[in-house]
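Enquirer: Okay, here's the structure, questions in a sec.
Residue numbers (my numbering), protein chains in the order written: chain A, 1 to 341; chain B, 342 to 663.
Here it is in structure tokens:
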């Protein structure tokens, strides 16, 4: 009985996802109806060639990136929350986003300072710099993690690394010119729409690889709900789970941040929403549930950010917080939040 | 009664912090028998938790060894140890959304596949654990919605579902009310006897432990671990090892620790069990002497003193202290 109910919820979630996906694609400065998109995607019947261009090369990749980013961030957040047994943990507690920020800051701020033209700052370059930065900070945290015994210390170490790296970024910003500063600020607001299909392909590949260690740790995460000591007594190796978590969240959140910039809120909030809606702590349900919710929520935020009817778009990082925070606050007030965790 | 499931031989335990090595326990010898409920008692800070940690294999002994079914704890692979020994810890934080059935089901983790799905055999084990702890009626309740006593029983059920010969419980009766304390301990006793498990309970409830335990392990600073049948320890007076300082003593008659009053022997007449309580009340109130004997009548209850009759001890004490 229970399984069918969960299944129905997941199915409903997938339906909502398809709906939101279509809505997302149909919205924008040029009006294209959902019906036309359906016909165009399935049979190639476009009213105008320009519509085909817009949908296939701008809106579709952006929607897919939104989904991938939503899934990646939510799954990282869920793993972090369970591993650290902390409702405020998110994908960035191990310094991934500040690491990516540092990489991009060095590229933009220091790079332009050294006379590199702004022309080199394409998506590939920032993604590469972000990956490098996120990777090296994560590597540093991992080296410390090697020595650290309990997860709470690791959490503190991760947060400290994050602050230290943010301080370095502040210093770089302080000494850089207005033009470079603006570029970096825009990057740090996140963007889902600047990727082409080749980058989308790479991003999806990393997402799939990053999910592998997570899927094989599903039992360990469930046992970990009772805490490290219980997990050990039931034959789970917390150290192994820690490495699997670092690898998985590093790939998932690291890649998303490197390509799209830091996107706040999704990673922390979605696992909570999933727990509230599906009413279970079981990760066999929560993993797919969070993935679906994350994709839906980020697609929705992106739709809002397009300001329907106007050519302007809002930075995604601002939208996720502006739209998401009230949702979560209302849910938290309605239900007993700390009891739900 | 089977032989010992767990043996400690000349065990020394301690912690290393930087260059400082702090020895907490040394020269411990013990054996935990199958089919018996063993209670580990001792004052705070004597090293009970350290001992439990090392038995769980989370702390390697400095000297000596702990043998589980003849094999050293450290030599067990993690998964194998999880099939031999289950624990109930003091950690209070539990996911509120989890149902009792899910919690008990997690106890099957050492046996399930990589997904953690329960097969028929696992489900049977969960059912049995629920029925042994008498909490079938709680199966679909969430952990955030049940009482502390029920949660404790659910945690015990989880440990039982793990299907191990040895079960270690760290203060399972702390935070519980009196009735729940007795219920939990009698439950453990029943399980030890019925399932032929070796159960070790760390507890501070001396009176309940005396009622239920087959064996006591007494720990005190600077003395070796004392092991024996509780009643033997009462006869030998070794039970007083538990009570440091001279203020308290173990009353053999009452089966509990009592404050050593500078007993003022007051002359009280009446039924024996009543005399005890009146004596106690007067001692507590600080009544040192009385002019004439107090006479007690049970039915209807009345107290006669100095030619007056009193309805309650409260009235009498007020009169005496005036």
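For each residue, glycine too, the CB sits at the ideal point set by N, CA and C.
As the structure is a computational prediction, the values presented were derived from the model and not from experiment.
(1) How about residue 13 of chain A: is its C-beta nearer than 8 angstroms to some C-beta of chain B?
(2) List, in chain order, every chain A residue whose beta-carbon is nearer than 8 angstroms to that of residue 399 of chain B.
(3) Beta-carbon within less than 8 angstroms of residue 262 of chain A's beta-carbon, same chain only, minus the 5 sequence neighbours each way: which residues are those?
(4) For the candidate residues B:476, B:660, B:501, B:617, whose alpha-carbon lies nearest to that of residue 490 of chain B?
(5) How would you label residue 160 of chain A, buried or exposed, when you count the other beta carbons within 10 angstroms and need 16 or more for buried?
(6) Compute the beta-carbon to beta-carbon distance between residue 668 of chain B and residue 373 of chain B, rounded to the nearest angstrom, for a pair I have assumed lies under 8 angstroms.
(7) List, from N- to C-terminal side, the beta strand (DSSP E) runs of 3 residues or more that fit wholly inside the stretch 8–47 of chain A.
(8) With three or more C-beta pairs closer than 8 angstroms as the rule, is the stretch 522–530 of chain B touching the stretch 500–514 of chain B?
(9) Apply the 10 Å Cβ neighbour rule to residue 358 of chain B and answer buried if 16 or more other Cβ atoms are within range, or exposed otherwise.
(10) Give me the DSSP bridge partner(s) of residue 483 of chain B.
(11) Suppose you measure from the CA of residue 502 of chain B to the CA of residue 122 of chain A; what does that come to, to the nearest Å?
(12) Would you please state the rounded distance, in angstroms, between the beta carbons of residue 72 of chain A and residue 210 of chain A? I believe it to be under 8 angstroms.
(13) At a CB distance below 7 angstroms, what residues from the stretch 143–170 of chain A approach chain B? Give them in sequence order.
(14) So if DSSP puts residue 558 of chain B in a beta bridge, which residue, or which two residues, is it bridged to?
(15) Tell me the DSSP secondary structure of residue 122 of chain A in three-state form.
(16) Do we get a CB-CB distance below 8 angstroms when we pair residue 302 of chain A with the residues of chain B?
(17) Could you compute how far the alpha carbon of residue 243 of chain A sits from the alpha carbon of residue 556 of chain B?
(18) Within 8 angstroms of any Cβ in chain B, is that where the Cβ of residue 281 of chain A sits?
(19) Give the interface partners of residue 419 of chain B over in chain A, defined as CB-CB distance under 7 angstroms, in chain order.
(20) Can you name the residues of chain A whose CB is closer than 8 angstroms to the CB of residue 564 of chain B?
(21) Given that a residue counts as buried once 16 or more other Cβ atoms are within 10 Å of its Cβ, and exposed if not, what is residue 455 of chain B?
(22) Looking at the C-beta of residue 59 of chain A, does it have a partner C-beta in chain B at a distance below 8 angstroms?
(23) Give the straight-line distance between the Cα atoms of residue 415 of chain B and residue 233 of chain A, rounded to the nearest whole angstrom.
(24) What residue does the alpha helix (DSSP H) around residue 49 of chain A start on, and which one ends it?
(25) By DSSP's criteria, residue 638 of chain B is part of a beta bridge. Which residues make up the other side?
(26) Among the candidates B:379, B:564, B:591, whose CA atom is the shortest distance from the CA of residue 577 of chain B?
(27) Tell me the residue span of the beta strand (DSSP E) that contains residue 370 of chain B.
(28) Which chain B residues are close to residue 216 of chain A, counting only those with a beta carbon under 9 angstroms from its beta carbon?
(29) Spatial neighbours of residue 55 of chain A within its chain, please: C-beta separation below 7 angstroms, excluding the five flanking residues on both sides.
(30) Relative to the C-alpha of residue 326 of chain A, which residue among A:287, A:238, A:273 is closest?
(31) Quick one: what does DSSP say residue 404 of chain B is sitting in, helix, strand or coil?
(32) Please state the DSSP three-state secondary structure of residue 86 of chain A.
(33) Where residue 572 of chain B and residue 560 of chain B are concerned, what is the direct C-alpha to C-alpha distance, given to the nearest angstrom?
(34) Output yes if chain B places a C-beta closer than 8 angstroms to the C-beta of residue 284 of chain A; else output no.
(35) Check this for me: beta carbons of residue 350 of chain A and residue 183 of chain A, under 8 angstroms apart or not?
(36) May I ask you to verify whether the stretch 71–85 of chain A touches the stretch 279–291 of chain A, counting CB pairs closer than 8 angstroms and requiring at least 3?
Expert: Walking through what the data contain:
(1) Not closer than 8 angstroms to any Cβ of chain B, the Cβ of residue 13 of chain A fails to qualify, so no.
(2) Close partners of residue 399 of chain B in chain A (Cβ separation under 8 angstroms): 229, 232.
(3) Excluding residues within five positions, the ones whose Cβ falls inside 8 angstroms are 92, 97, 100, 101, 188, 190, 317.
(4) Answer by Cα proximity: B:476.
(5) Exposed: under 16 other Cβ atoms inside 10 Å.
(6) No answer is possible for residue 668 of chain B: it lies beyond the span of chain B, which begins at 342 and ends at 663.
(7) For the stretch 8–47 of chain A, not a single whole beta strand (DSSP E) run of length 3 or above is found.
(8) Contact between the stretch 500–514 of chain B and the stretch 522–530 of chain B is present, because at least three Cβ pairs lie under 8 angstroms.
(9) Counting of Cβ neighbours within 10 angstroms places residue 358 of chain B among the exposed residues, the total staying below 16.
(10) Residue 483 of chain B pairs with B:440.
(11) Straight-line Cα distance between these residues: approximately 57 angstroms.
(12) Your pair residue 72 of chain A and residue 210 of chain A checks out as a contact, with CB atoms roughly 7 angstroms apart and the cut at 8 angstroms.
(13) Within the stretch 143–170 of chain A, contact with chain B at the beta-carbon level (separation under 7 angstroms) is assigned to no residue.
(14) DSSP lists B:381, B:568 as partners of residue 558 of chain B.
(15) Assigned with DSSP and collapsed to three states, residue 122 of chain A falls in coil, not helix or strand.
(16) Look at residue 302 of chain A: its C-beta is not under 8 angstroms from any C-beta on chain B.
(17) Rounded to whole angstroms, the gap between the alpha carbons of residue 243 of chain A and residue 556 of chain B is 43 angstroms.
(18) Yes - at least one Cβ of chain B is within 8 angstroms of the one on residue 281 of chain A.
(19) Under the 7 angstroms cutoff, chain A gives 235, 237.
(20) In chain order: nothing, as chain A lies at least about 29 angstroms away.
(21) Exposed, by the Cβ-count rule.
(22) Interface residue (Cβ-Cβ distance to chain B less than 8 angstroms): residue 59 of chain A is not classified as such.
(23) Near 13 angstroms, if we compare the C-alpha coordinates of residue 233 of chain A and residue 415 of chain B.
(24) 49–54 is the span of the alpha helix (DSSP H), which, as asked, contains residue 49 of chain A.
(25) According to DSSP, which records beta bridges pairwise, residue 638 of chain B is partnered with B:643.
(26) Ranking the options by Cα distance to residue 577 of chain B, first place goes to B:591.
(27) Per DSSP, the unbroken beta strand (DSSP E) holding residue 370 of chain B starts and ends at 361–374.
(28) In chain order: 455.
(29) Exclusion of the five residues before and after residue 55 of chain A leaves 25, 32, 37, 40 as the residues of its chain whose Cβ lies within less than 7 angstroms of its Cβ.
(30) Of A:287, A:238, A:273, the smallest CA-CA separation from residue 326 of chain A is found for A:273.
(31) DSSP places residue 404 of chain B within a strand segment (E or B) once states are collapsed to three.
(32) When secondary structure is reduced to three states using DSSP, residue 86 of chain A falls in the coil class, being assigned neither helix nor strand.
(33) Cα to Cα, residue 572 of chain B sits roughly 17 angstroms from residue 560 of chain B.
(34) So, interface residue.
(35) The first residue shown for chain A is 1 and the last is 341, placing residue 350 of chain A beyond what the model contains.
(36) A contact exists between the stretch 71–85 of chain A and the stretch 279–291 of chain A.
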